[in-house]
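Protein chains: 2
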Amino acid sequence: MSLPHVLLALLGRGPASGWDLGTRLAKDRALGWDADLAQVYPALRRLLRGGFVALRRRRSSKGPPRREYRLTAAGRRELREWLAEPLSLPKPHAASLVRLAFLERRLPEARLASLHLYRDLLADELERAAAGTTAARRRRLLLLEAELAWADAEAAAILAGRTLSKETR
Amino acid sequence: MSLPHVLLALLGRGPASGWDLGTRLAKDRALGWDADLAQVYPALRRLLRGGFVALRRRRSSKGPPRREYRLTAAGRRELREWLAEPLSLPKPHAASLVRLAFLERRLPEARLASLHLYRDLLADELERAAAGTTAARRRRLLLLEAELAWADAEAAAILAGRTLSKETR
DNA sequence: CCTCGGTATATAACTTCTTATATACTTCGT
DNA sequence: ACGAAGTATATAAGAAGTTATATACCGAGG
């Protein structure tokens with residue numbers, strides 16, 4: 131029930147087409163939402179029918195004509211109310227986190243390999259992450275740094291345990 | 131397509147009924163997955179039909195007879211393979227994170243109130259979080275601490291900005 | 001000229017997730 | 001004896017999300 135509101139929020143930064151919104155959702159990792167274009171188009175239709183956005187067709191230098199949407203007064207009001215709803219702790223829903231939660235079921239070598247891969251993903255993401263101009267970006271940077279430190283600590287612990295068990299054998 | 135695998139993973143800790151799995155999913159916040167009972171029961175049926183789990187009916191001291199599931203050899207193999215799949219960075223999908231991403235659109239007072247509420251949720255969660263006996267729990271603790279520090283820093287910054295603008299008025 | 005790649009919109013088919021509802025057994029309090 | 005509360009299983013209906021596919025416009029390179 132949230133995608134329409136997320137789209138309203140993105141449109142709050144200025145008019146955009148479905149394509150624009152789709153690519154923004156895909157790229158902006160600090161945003162906290164992701165959706166496929168096949169979901170975006172119907173959602174925009176619903177927003178249009180509901181009077182929350184207005185449509186303007188514009189010719190594009192490349193490709194077929196764009197359908198650019200912008201917030202209406204009703205859309206702005208709806209957005210304001212939605213943004214003001216109380217925050218709750220997000221409950222993660224990701225296969226990778228479940229795999230991490232069962233890391234201990236795997237052999238030390240496999241654990242280490244998975245942690246190294248994950249660590250590198252975190253490091254890449256941290257490099258790509260823009261400097262903190264907003265609270266959400268600063269949050270993201272801090273969390274990435276904390277998780278990177280965690281991954282390194284876990285890898286070191288496995289390595290220490292492995293050499294230890296070899297030495298004491 | 132992941133819930134069945136998550137259930138296999140939970141069943142790896144020992145036999146359980148649909149009810150058990152549902153309550154574990156609801157309680158264990160370090161797990162990285164959450165699902166409703168109405169989703170768990172059909173998933174268990176599919177696992178049973180696929181031969182990944184075996185069923186034993188047992189009378190319960192309270193309530194109707196329990197249907198306890200346990201991993202079969204095929205289930206254990208499937209679980210092992212699933213756990214070994216490479217990790218990727220989870221992409222968050224939560225309305226609260228979107229609200230945080232658009233915090234700056236709100237008035238300083240509202241921002242502060244939202245941050246304080248969020249901060250308290252984090253603090254509660256941190257208190258409730260068990261000590262780090264597994265990598266996933268240690269990760270969760272570290273991330274909660276980092277996020278709590280972030281929330282406090284953001285709140286302090288808003289407060290500083292507000293008093294500043296009052297003084298310089 | 002023709003295909004390839006990027007831009008752009010859209011729908012159909014399918015799977016997954018949520019919400020609502022129904023049933024049944026037991027214990028405990030009134 | 002009755003009802004409420006906790007345990008336990010289950011399905012139906014609908015909303016949300018994913019995957020596959022189709023169409024169309026334009027410029028660049030072969």
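Those sequence lines, one after another, are chains A and B. Under the numbering used here, the first residue of the first sequence is numbered 131, with each subsequent residue one higher. Under the numbering used here, the first residue of the second sequence is numbered 131, with each subsequent residue one higher. Just so you know, even glycine gets a beta-carbon here, dropped at the ideal spot from N, CA and C.
DSSP places GLU198(B) inside the beta strand (DSSP E), whose first and last residues are 196-201. In the structure shown, LEU247(B) adopts helical secondary structure according to DSSP, grouped into three states. Chain order gives the chain A residues near THR264(B) as ALA231, LEU233, GLU234, where near means a beta carbon separation below 8 angstroms.
For PRO238(B), not one C-beta of chain A is nearer than 8 angstroms to its own C-beta. Think of a sphere of 9 angstroms around the beta carbon of GLU277(B): the chain A residues whose beta carbon falls inside it are ARG269, LEU272, LEU273, ALA276, in chain order. Around the beta carbon of PRO238(A), fewer than 16 other beta carbons sit within 10 angstroms, so the residue counts as exposed. ASP282(B) is positioned such that its CB atom lies closer than 8 angstroms to that of ARG249(B).
Annotation for ALA204(B): GLY181, PHE182 place their beta carbon closer than 6 angstroms to its own, counting only its chain and skipping 5 residues before and after. The beta carbon of THR202(B) lies closer than 8 angstroms to those of GLY181, PHE182, VAL183, ALA184 in the same chain, with the five residues before and after it left out. In chain order, PHE232, ARG235 make up the part of chain B whose C-beta sits under 9 angstroms from the C-beta of GLY142(A). A straight line joining the alpha-carbon of LEU251(A) with that of SER244(A) spans about 11 angstroms.
Distances from the CA of ARG235(B) to each of ARG143(A), LEU137(A), ARG241(A) were compared; the closest alpha carbon is that of ARG143(A). Of the candidates SER190(A), LEU247(A), THR264(A), LEU289(A), THR264(A) places its Cα closest to the Cα of ARG241(B).
Residue burial annotation: SER147(B) is buried, with at least 16 other C-beta atoms found within 10 angstroms of its C-beta. Exposure of ALA286(B) is indicated by the presence of fewer than 16 other C-beta atoms within 10 angstroms of its C-beta. Of the candidates ALA290(B), SER218(B), GLY193(B), ALA224(B), ALA224(B) places its Cα closest to the Cα of PRO216(A).
For LYS221(B), the neighbours in chain A by C-beta distance under 8 angstroms run, in chain order, ARG159, ASP164, ALA224. LEU219(A) is positioned such that its CB atom lies no closer than 8 angstroms to that of ALA139(A).
For ARG187(B), the uninterrupted beta strand (DSSP E) run begins and ends at 183-188, by DSSP. DSSP, reduced to helix, strand and coil, places ALA224(A) outside both helices and strands of the structure shown, so it counts as coil. Sequence-distant partners of ALA253(A) (beyond 5 residues in either direction) whose C-beta falls short of 8 angstroms from its own C-beta, in its chain, are LEU278.
Within the same chain, ARG159, LEU274 come within 8 angstroms of GLU255(A) by CB-CB distance, once the 5 residues on both sides are set aside.
Neighbours of ALA168(A) across chain B, judged by C-beta separation under 8 angstroms, do not exist; the nearest C-beta is about 16 angstroms away. Contact of VAL136(B) with chain A is assigned, a C-beta pair being separated by under 8 angstroms.
When only Cα atoms are considered, ASP150(B) and LEU213(B) end up about 22 angstroms apart. VAL228(A) belongs to the set of residues whose beta carbon lies under 8 angstroms from a beta carbon in chain B.
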